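Below you'll find the structure, written out as structure tokens, and then a few comments.
In this note's numbering, the protein residues as written are 1168 to 1310.
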């Protein structure tokens, strides 16, 4: 799934990772209301403690979800979306240049108003630290 190089230290941890995005196969899906693609840039299998992905979501995509046991942070590269916290009933509007985090165990609704590109970062899930190359899970999209 990944091209590029990972140099391992004597302790078995990655010292340096070098990849080109165009060499990474994205996970994609078509769902009612829009398409999405997630390109895993770093996974738990990289053994650096975080997962990072680029997420592309088409206009009209909308989902209701709940975050897991760890927080996630997002940076919007381009596009526009509305995020509604279903617990606090607060609504946030995101566009290119916006940064936000979602706390653990939060129910939300996310709607892409225009095509949106995001960078997402979260702590690596314990079940992926074994070297698996599975795509990271970020709650704004289904898996």
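Virtual Cβ for every residue (Gly too), placed ideally from N, Cα, C. None of the values given here were measured: they were computed from a predicted structure.
Exercise. When burial is assigned at 16 or more other CB atoms within 10 Å of the CB, is residue 1269 buried or exposed?
Worked result: With a threshold of 16 other beta carbon atoms within 10 Å, residue 1269 meets it and is buried.
For this session: Kindly indicate which residue of 1283, 1236, 1239 has the alpha-carbon position closest to the one of residue 1249.
Result: 1283
Exercise. Anyone know if the C-beta pair for residue 1245 and residue 1263 falls short of 8 Å?
Worked result: yes
Problem set entry | Opposing strand residues paired with residue 1182 [DSSP bridges] | Its beta-bridge partners do not exist; DSSP assigns none.
For this session: Have a look at residue 1215 and residue 1292 and give me their C-alpha separation to the nearest angstrom.
Result: 11 Å
Problem set entry | Endpoints, the beta strand (DSSP E) within which residue 1246 is located | Residue range 1239 to 1252 is occupied by the beta strand (DSSP E) that includes residue 1246.
For this session: Could you tell me the distance, in whole angstroms, from the CA atom of residue 1281 to the CA atom of residue 1261?
Result: 11 Å
For this session: Sort 1185, 1241, 1256, 1255 by Cα distance to residue 1223 and report the nearest one.
Result: 1241
Problem set entry | Option nearest residue 1252 by Cα separation, candidates 1187, 1226, 1274, 1207 | 1274
Problem set entry | Residue interval of the beta strand (DSSP E) (run including residue 1284) | Taken as a continuous stretch (DSSP letters only), the beta strand (DSSP E) holding residue 1284 covers 1274 to 1290.
For this session: Look at the alpha carbon of residue 1211 and the alpha carbon of residue 1185, and state the distance between them as a whole number of angstroms.
Result: 16 Å
Exercise. From residue 1194 to residue 1255, what distance separates their C-alpha atoms?
Worked result: 32 Å
Exercise. Is it buried or exposed for residue 1205, if we count other Cβ within 10 angstroms and need 16 for buried?
Worked result: buried
Problem set entry | Exposure label - residue 1219; buried when at least 16 CB within 10 Å | Around the beta-carbon of residue 1219, 16 or more other beta-carbon atoms lie within 10 Å, marking it buried.
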